[in-house]
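Residue numbers (the working numbering): 317 to 858.
Glycine included, every Cβ here is placed at the ideal spot set by N, Cα and C.
Single-structure report; data block below.
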């Protein structure tokens with residue numbers, strides 16, 4: 317099962333990002349750019365490893381910039397487009413994908429990118445000894461990969477080579493990579509675009525040992541705990557990038573970060589919370605602001621197998637008692653969107669019209685009345701929270717909301733993060749917040765599969781519904797997009813009504829850009845502002 321950062325660590329400390337009209341803003345490249353400009357970027361985190369196979373979605377900015385997968389998301393996430401592969405075909409039954417690599421594809425040392433290097437990279441992802449954070453994405457879709465879940469890295473070491481050799485992966489020649497799937501998976505094109513799926517060189521340095529060759533628009537020059545430097549790949553198939561250097565530096569306190577930006581010590585940065593409040597109040601900063609939604613949601617999760625939350629009407633009443641507009645305003649400084657369903661803004665099947673969990677104090681009391689539970693009988697329910705400042709702030713807000721709108725006094729149960737993780741895993745809780753999810757790739761399946769029966773590691777409610785499972789499983793394999801989205805829409809409505817979780821909000825990125833930085837394209841997938849299309853960025857004379 318996947319174990320995700322948003323389901324398990326201090327969630328609200330993440331950068332929060334929001335959208336302008338749901339489109340990816342593009343700042344076009346203008347004349348008079350400086351050919352050797354330096355781009356300095358403030359970032360929330362830096363990866364522990366330089367190995368794409370070990371890169372989780374939330375630390376993918378460097379991997380996506382220094383390495384290139386077969387395909388690449390379009391800026392508006394409507395589809396994929398060619399990247400390391402110039403084109404691809406899908407067989408009539410949807411079980412075979414054939415990727416044709418670019419003849420001009422080169423590593424940063426000038427060597428040609430070969431199909432065999434994709435075969436090797438994808439085998440590494442599915443090698444249990446590597447423990448890749450994205451392995452299940454591939455194991456659930458590739459032919460002969462299902463056994464990944466049962467292989468123990470030590471006990472089954474003698475079986476692993478045969479397992480890897482039996483996967484549906486083949487290099488037909490140096491520039492043709494063929495992938496066979498276990499069954500129809502219309503979302504597979506997105507799997508072929510995740511940064512971890514980039515090629516791997518057999519002579520590259522071991523994971524985390526330092527920079528090595530990459531096939532992306534930039535190459536990693538150095539990485540420390542608080543700084544990374546990227547240099548252009550002179551051999552990149554689309555031509556040398558416009559920038560001479562990209563410097564990524566860890567952010568500190570919001571006030572200090574904003575001061576550096578105002579002093580032109582950074583060209584790009586993102587902010588949230590207190591920083592968002594400061595930006596809103598500063599006319600100079602707000603002129604440099606672009607808001608973009610992140611593929612991320614936070615929620616409160618109920619243990620549906622313990623009273624009183626085994627009663628769906630009690631769960632729904634709690635969900636209806638939360639004023640999400642006030643939450644976004646008071647806790648996030650406006651840098652978020654209220655969430656009412658499992659699919660975030662930025663995806664095709666985002667449905668803000670879902671009404672089941674919409675805030676309605678009188679309606680919440682009516683729903684609770686219909687549950688047969690008296691408010692006084694529910695006093696003393698424990699709200700489990702990690703003992704982290706941002707998490708405690710959210711949990712305190714929820715306690716106040718439930719008391720004000722339902723007359724129920726919750727008990728805040730703050731515990732060290734490892735304890736909370738154990739309690740979630742063994743079902744030893746009543747309600748916990750915040751939980752959540754950070755998307756691996758921009759397809760509805762990545763979100764709606766979370767709530768299928770027995771999928772406990774993305775959300776811990778232990779929700780089980782045969783009707784929901786049936787809708788999602790049909791949609792997951794449905795090749796016709798309109799019908800697929802109709803099935804997912806029905807599943808969303810059922811999930812919002814059953815309320816195994818109370819959806820809370822979707823963070824936004826408040827991206828700040830100096831006026832002399834050109835060619836920036838923001839997307840909801842960005843780890844640092846504009847990283848998905850970093851090769852297009854340039855610096856104008858200033």
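What three-state label does DSSP hand residue i in the structure shown?
{"i": "residue 855", "result": "strand"}
{"i": "residue 457", "result": "coil"}
{"i": "residue 717", "result": "helix"}
{"i": "residue 393", "result": "coil"}
{"i": "residue 849", "result": "helix"}
{"i": "residue 745", "result": "coil"}
{"i": "residue 432", "result": "helix"}
{"i": "residue 421", "result": "coil"}
{"i": "residue 388", "result": "strand"}
{"i": "residue 326", "result": "Confidence is the limiting factor: at residue 326 the pLDDT is only 41, short of 50, which leaves the residue's position unreliable and the question unanswerable from this model."}
{"i": "residue 414", "result": "strand"}
{"i": "residue 538", "result": "strand"}
{"i": "residue 496", "result": "strand"}
{"i": "residue 491", "result": "coil"}
CB-CB under 7 angstroms to residue i, same chain, minus the five flanking residues each way: which ones, in chain order?
{"i": "residue 805", "result": "665 and 667"}
{"i": "residue 846", "result": "584, 836, 837, 838 and 853"}
{"i": "residue 710", "result": "328, 647, 749 and 750"}
{"i": "residue 405", "result": "414"}
{"i": "residue 679", "result": "636"}
{"i": "residue 345", "result": "Note that residue 345 scores 47 on pLDDT, short of 50, meaning its location in the model is unreliable and no value can be drawn from it."}
Among residues of its own chain, excluding the 5 on either side of residue i, which ones have a beta-carbon nearer than 8 angstroms to its beta-carbon?
{"i": "residue 821", "result": "613, 614, 640, 643, 644, 648, 652, 653, 654 and 655"}
{"i": "residue 646", "result": "713"}
{"i": "residue 529", "result": "423, 424, 425, 427, 517, 520 and 535"}
{"i": "residue 396", "result": "387, 388, 389, 390, 505, 506, 508 and 509"}
Tell whether a beta-carbon distance below 8 angstroms holds between residue i and residue j.
{"i": "residue 600", "j": "residue 758", "result": "no"}
{"i": "residue 683", "j": "residue 629", "result": "yes"}
{"i": "residue 532", "j": "residue 382", "result": "yes"}
{"i": "residue 818", "j": "residue 657", "result": "no"}
{"i": "residue 461", "j": "residue 379", "result": "no"}
{"i": "residue 493", "j": "residue 442", "result": "no"}
{"i": "residue 607", "j": "residue 433", "result": "no"}
{"i": "residue 490", "j": "residue 439", "result": "no"}
{"i": "residue 677", "j": "residue 637", "result": "yes"}
{"i": "residue 352", "j": "residue 594", "result": "no"}
{"i": "residue 833", "j": "residue 842", "result": "no"}
{"i": "residue 756", "j": "residue 510", "result": "yes"}
{"i": "residue 537", "j": "residue 566", "result": "no"}
{"i": "residue 776", "j": "residue 617", "result": "yes"}
{"i": "residue 363", "j": "residue 514", "result": "no"}
{"i": "residue 803", "j": "residue 790", "result": "yes"}
{"i": "residue 611", "j": "residue 366", "result": "no"}
{"i": "residue 828", "j": "residue 587", "result": "yes"}
{"i": "residue 765", "j": "residue 788", "result": "yes"}
{"i": "residue 451", "j": "residue 464", "result": "yes"}
Quick one: what's got a C-beta closer than 6 angstroms to residue i's C-beta in the same chain, skipping five residues either side?
{"i": "residue 482", "result": "460"}
{"i": "residue 590", "result": "570"}
{"i": "residue 851", "result": "533 and 557"}
{"i": "residue 844", "result": "357, 359 and 377"}
{"i": "residue 779", "result": "620, 767 and 816"}
{"i": "residue 545", "result": "537, 538 and 563"}
{"i": "residue 604", "result": "828 and 829"}
{"i": "residue 807", "result": "764, 784, 787 and 788"}
{"i": "residue 372", "result": "449"}
- Task: Flag this pair as touching only if the segment 536 to 551 and the segment 413 to 427 have three or more C-beta atom pairs under 8 angstroms; answer yes or no.
- Result: yes
- Query: Between the segment 690 to 698 and the segment 716 to 729, are three or more C-beta pairs nearer than 8 angstroms?
  - Reply: yes
- Query: For the 8 angstroms Cβ check, are there 3 or more pairs between the segment 622 to 640 and the segment 735 to 754?
  - Reply: yes
- At what residue ranges does the segment 791 to 854 contain a whole run of the beta strand (DSSP E), taking only runs of 3 or more? 817 to 829
- Can you find at least 3 beta carbon pairs, one from the segment 401 to 420 and one from the segment 438 to 452, that sit closer than 8 angstroms? no
- Item | Any beta strand (DSSP E) of 3 or more consecutive residues that is wholly inside the segment 571 to 646 | 584 to 587, 605 to 609 and 612 to 618
- Message: Check whether the segment 497 to 506 and the segment 791 to 802 touch, using three or more Cβ-Cβ pairs below 8 angstroms as the test.
- Response: yes
- Query: Is the number of C-beta pairs between the segment 569 to 576 and the segment 589 to 599 that are closer than 8 angstroms three or more?
  - Reply: yes
- Taking only runs that begin and end inside the segment 646 to 694, name each unbroken alpha helix (DSSP H) of 4 or more residues, in chain order. 677 to 687
- Query: How do the segment 383 to 395 and the segment 468 to 479 stand: do at least 3 beta-carbon pairs fall below 8 angstroms, yes or no?
  - Reply: no
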